[in-house]
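Novice:
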Amino acid sequence: MKLKEEQRSGLHRSCKAPVHQQLEKWAVGALMLMAGLMYVWAVDKNGWANAYYSAAVQAGQHNLQAFLFASADWGNFITVDKPPLSLWVMGVSVRIFGLNSWSLMVPQALMTLASTFLLFRLVRRCFPFSSALFAASAYAFAPITVLMARYNNPDPLMILLMIGALYAGVRAVETGRFIYISLVVLLLVLGFLTKQLQAFLVLPSVAATYLLYESSPWRRRMCNIGIAGIILGIGSLLWPLFVDLMSHSSRPYIGGSTTNSMLELTLGYNGLERILKQADMPSATLIPDQYRSVESDAGFFRLLNTNYGQEIGWILLPALLASIATLIVLIKGSYSRSQSVLVCAASVWTITTYMVLSFMGNNFHSYYTSSLALPSALSLGLGIDLMTRAAKTRPGRIALALSVVVSVVFARGMWQVSNDYPEWLGTAILLMGVGAAAVLTVPAPRRWLPNVANGLAISALMIGPLYCSALTLQSPQEGSNPISGGLTKSPNTLSRFLQGVKNQEPAWATGIAIGIKPGPAMVNLIRQAPASCTWAAATYPGQTAAQYQLSTGRTVMSIGGFAAVDPTPTLEQFQAAVAAGQVCYVIEQQEQLKVPGNSKDLIAIQDWVKANFRAEQVDGTNVYDVADH
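Residue numbers (the numbering used here): 83 to 711.
1) Just the Cα atoms here: how many angstroms apart are residue 486 and residue 518?
2) Drop a sphere of 10 angstroms on the beta-carbon of residue 659, count the other beta-carbons inside from all chains shown, and report buried for 16 or more, exposed for fewer.
3) Beta carbon of residue 709, beta carbon of residue 663: below 8 Å?
4) Is the stretch 183-193 touching the stretch 234-248, taking contact as three or more C-beta pairs under 8 Å?
5) Check whether the stretch 336-350 touches the stretch 643-656, counting contact only when three or more Cβ pairs, one atom from each stretch, lie closer than 8 Å.
6) Classify residue 300 as buried or exposed, calling it buried when 16 or more other Cβ atoms lie within 10 Å of its own Cβ.
7) Skipping 5 residues on each side, what residues in its chain have a beta carbon closer than 6 Å to that of residue 367?
8) Evaluate residue 501 with the Cβ neighbour count: other Cβ atoms within 10 Å of its Cβ, from every protein chain shown; 16 or more gives buried, anything less gives exposed.
9) Reducing DSSP to helix, strand and coil, say where residue 620 ends up.
10) Use the C-beta contact count for residue 475: other C-beta atoms within 10 angstroms, 16 or more gives buried, fewer gives exposed.
11) For residue 237, does the three-state DSSP call read helix, strand or coil?
12) Are residue 640 and residue 627 closer than 8 Å when you measure CB to CB?
13) If you measure between the beta carbons of residue 216 and residue 466, is that distance less than 8 Å?
14) Would DSSP call residue 674 helix, strand or coil?
15) Buried or exposed: where does residue 362 fall if 16 or more other Cβ atoms within 10 Å of its Cβ makes it buried?
16) Within 10 angstroms of the Cβ of residue 678, are there 16 or more other Cβ atoms? Answer buried if so, exposed if not.
17) Rounded to a whole number of angstroms, what is the C-alpha to C-alpha distance between residue 265 and residue 254?
18) Give the DSSP-derived three-state secondary structure of residue 133 in the structure shown.
19) Taking 6 Å as the limit between beta carbons, can you name the residues of its chain near residue 181, skipping five residues before and five after?
20) Note down the Cα distance separating residue 242 from residue 196, rounded to an integer number of angstroms.
21) What are the start and end residues of each continuous alpha helix (DSSP H) run of 4 or more residues lying completely inside the stretch 481-535, in chain order?
22) Taking the alpha carbon of residue 543 as the reference point, which residue from 691, 463 and 577 has its own alpha carbon closest?
23) With respect to the beta strand (DSSP E) encompassing residue 706, which residues constitute its N-terminal and C-terminal limits?
24) Taking the alpha carbon of residue 548 as the reference point, which residue from 624, 613, 707 and 121 has its own alpha carbon closest?
25) Our contact map puts residue 445 next to residue 355 with C-beta atoms below 8 Å; I'd like the distance itself, whole angstroms only.
26) Residue 248 to residue 427, Cα distance in whole Å?
27) What are the start and end residues of the alpha helix (DSSP H) that includes residue 410?
28) When you compare each of 273, 283 and 358 to residue 319 by their alpha carbons, which one comes out closest?
29) First and last residue of the alpha helix (DSSP H) that includes residue 688?
30) Just checking my contact of residue 535 with residue 201 at CB under 8 Å: how many whole Å lie between their CB atoms?
31) With 16 as the cutoff for other CB atoms within 10 Å, does residue 222 come out buried or exposed?
32) What does the Cβ neighbour count give for residue 585, buried or exposed, with the cut at 16 atoms within 10 Å?
33) Report buried or exposed for residue 116, applying the criterion of at least 16 other Cβ atoms within 10 angstroms of its Cβ.
34) Which term fits residue 522, buried or exposed, when burial requires 16 or more other beta carbons within 10 angstroms of its beta carbon?
35) For the pair the stretch 506-517 and the stretch 491-498, tell me if three or more CB-CB distances fall below 8 Å.
36) My guess is that residue 317 and residue 271 are in contact by the Cβ rule of under 8 Å, so how many angstroms apart are they, rounded?
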């Protein structure tokens, strides 16, 4: 027992490379400062960002029930299609600083900085300072990281909880204490309350690392994992069961579900449908059929194509190569035990997340790649340590040089995606990488040469994501699918489609992806609606309703939820609400009615309103005064 405790206590100390502590602190501080400035610089140019979530935060400031359930409006008609934890975080910020872009986005930036620092500390426990700093830098400045740090989607909180869970899992292996397993469970339950099953992408990594490297007897390890799994399952189901067991009349409808069930939302729309469903629903129409070169883009190269490559491709390919290389070294037994733990965790996390995102169904948003950025950066950091090891043998030098060449050739290819990337800089990337590879293939006549070559290789790998992130800062981001980088050359790509959407081409896609913003006359009309109405207006789809609510400060019913496909309200329910004087105006969105797959209830409601109330043109839009009946 004493020997085991000594082994555990020295698990990571022995391999922590010496470095000037003061210099290390200054370097990490500089990294955090630069990243923080990038995350908040002119962040208000994004406006409400994802108005769908901003309106839900707004609703939570007016009504405690809306805050609890993440209602899209404070009339508590329907919730957003995600659990509420990330909205609670933003809600607290808004409660303190008021509702504005800064109070919504700064918490996202702070959580991303926290993830960056945790990543640095995780690597620094048993790898050199250079590895830890590069891992943190690769994550902090990855285009998708910069994009989401400046946006109000749930992903920054989810990623922070995931890296926290991995850190706790590593500590569980080091100490053998069940308290750290309990912490893993707690953080993943909170991750589930943030973005449901997506937070569990780190789970295979934690479980595999614990089973392979924790020093307890095999039976005890299996027992601990089993107990943790049961607790995780129960803890994750607490929120869905709490919601579903509550009377439907005392809570809002669960947006994104067809049966008003949080459990169905978890397993369906936010669960297996995302993984397995190949047919696009209206909520996934951000990439129409004509914008796909094949029926489905699922496959090994999905994340490297022109739709998603600018988000993650810059670091993904070298990260996959680093994962494979570190696994080979791990199998050979060249790492210390503590290093082996982290290498196993990083490789499993990177590869499993890559496979899931590459082969999941077509209901895929480009920002899903944010869940791959941190494990990729972690693997890259470990790859930096491998560069030093590889220089000691001829096969290692050749493998390293080939990896550098493949990575910079791909980066040069990525440079051709958009005209926004200067040609000369792409050529410089290629020359730097090839030059570094040439030096690395032969034994160095001078000790400093490998360091220079490594520096050139790292610079060549980082120029692409840094420049792409700079382009991201220049473009205002809004709606359901923010996107990194420059406008692609090819007309049949996501960025081209979203560029048209911003100009209401086609208008129905703008309604779903960004939301139609009300004109000044419409804003005045809704603001002056009688206070007796629970909903000053009712319209569709969800992003448009959110834009109206944020612009007017009055509660707006989102008929059919986010994509106008949820079966709520029924015609009878809406007629009852109108009869009770709860709805003042119905605002018709003619372009949205052209979308196939709209809720039949929405069509029935719109037909009934047209047949029974007179339309008035306000800012070119048909408005029906249903309070005057």
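Where is the CB? At the ideal position from N, CA and C, for every residue including glycine. Bear in mind the structure is a predicted one, so any value in this text is a computation, not a measurement.
Specialist: Answer, in terms of the structure:
1) Rounded to the nearest whole angstrom, the C-alpha separation of residue 486 and residue 518 is 8 Å.
2) buried
3) yes
4) yes
5) yes
6) Here residue 300 is exposed. Its C-beta has fewer than 16 other C-beta atoms within 10 Å.
7) Note that residue 367 scores a pLDDT of 44, beneath 50, so its modelled location is shaky; the value from the coordinates is reported in the next line. So no residue of the chain qualifies.
8) exposed
9) strand
10) Result: exposed.
11) helix
12) Going by C-beta atoms, residue 640 is nearer than 8 Å to residue 627.
13) yes
14) helix
15) A caution first: residue 362 carries a pLDDT of 49, below 50, which makes its placement in the model unreliable, though a value can still be read off. Burial call: buried.
16) exposed
17) 9 Å
18) helix
19) 140
20) Here the alpha carbon of residue 242 sits roughly 7 Å from the alpha carbon of residue 196.
21) 505-522, all fully within the stretch 481-535.
22) 463
23) 703-707
24) 121
25) 7 Å
26) A straight-line Cα-Cα distance of about 8 Å links residue 248 and residue 427.
27) For residue 410, the enclosing alpha helix (DSSP H) stretches over residues 396-414.
28) 273
29) Where residue 688 is concerned, the enclosing alpha helix (DSSP H) stretches over 682-694.
30) Wrong, their Cβ atoms sit about 26 Å apart, outside the cutoff.
31) Per the 10 Å Cβ criterion, buried.
32) exposed
33) Exposed: under 16 other Cβ atoms inside 10 Å.
34) buried
35) yes
36) 4 Å
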